[in-house]
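Please read the structure below before turning to the comments.
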Amino acid sequence: MATLPFDRAEIEQMLPHRDVALILEEVLEVKPGDRAMGLRRVRIGDSFLEGHFPGQPVMPGSAIIECMAQLAGVLTYMTLPDPMRREGVALLGLDRTRFRRPVCPGDDLVIEVSIVQRRDPIWKFRAEARVGDEKVAEALLLAGLLSKEERGLSSHRSGQGRGR
């Protein structure tokens, strides 16, 4: 593993997200078992800004939450012992979610997540997003460790997933 900060290529080694689905841009700091800090520079042209809103682009709250969840995924990956790192992590729920001000192009969104509770396979994280010194969003994230079978990847890749 490379030294911090981790860029997109290094994040892709820890998360399954690719292309526009990978919203987290850099991991600035990780203290395994405790907390992590990451960054997303919001720019005109970011896919999540398309149509949200014409003439006044604002980062959707769902993209902020996804960025928090991806950073929690990195922290989980860095915390788990090596053989367990390939298990999936899924966002299971949100609590106490608040958006305090819009995040716009030109903003550097700094995310911090910390482990609040860990009862394998369920983990709870506290997440905050800031622009400068201003808190712009916060949430409690509930995540679960899942095997490849539980994630459904093997059945979806083979075309045998649940469906119509």
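Under the working numbering, the first residue of the sequence shown is numbered 21, with each subsequent residue one higher.
Cβ atoms here follow ideal geometry from the backbone N, Cα and C, with glycine treated the same way.
- Taking 8 Å as the upper bound for CB-CB distance, Phe26 and Glu46 are in contact here, some 7 Å apart.
- Counting only runs that start and end inside the segment 41-95, the beta strand (DSSP E) elements of at least 3 residues fall at 46-51 and 55-61.
- Put simply, the segment 38-54 does not touch the segment 110-126. Fewer than three CB pairs are less than 8 Å apart.
- Taking C-alpha positions only, Leu111 is separated from Gly75 by approximately 32 Å.
- In the assembly as shown, Ile64 is an exposed residue. Its beta-carbon has fewer than 16 other beta-carbons within 10 Å.
- In the structure shown, the three-state DSSP call for Glu30 is helix.
- Between Val94 and Ala149 a beta carbon distance of about 15 Å is seen, past the 8 Å cut, so the two are scored as non-contacting.
- DSSP places Asp39 in the helix class (H, G or I) of the three-state scheme.
- DSSP, reduced to helix, strand and coil, places Glu107 outside both helices and strands of the structure shown, so it counts as coil.
- In this structure, Val40 keeps its C-beta atom at 7 Å or more from the C-beta atom of Val123.
- CA-to-CA, the gap between Met98 and Arg28 works out to about 16 Å.
- Between the alpha carbons of Ile31 and Arg121 lies a gap of roughly 27 Å.
- Our two residues, Leu42 and Pro103, have alpha carbons roughly 24 Å apart in a direct line.
- Where Asp128 is concerned, the enclosing beta strand (DSSP E) starts and stops at Asp128 to Arg139.
- Excluding residues up to 5 positions away in sequence, Val94 and Tyr97 lie with their Cβ nearer than 6 Å to the Cβ of Met34 in the same chain.
- Under the criterion of beta carbons closer than 8 Å, Val130 and Ala147 do not qualify as touching, at roughly 11 Å.
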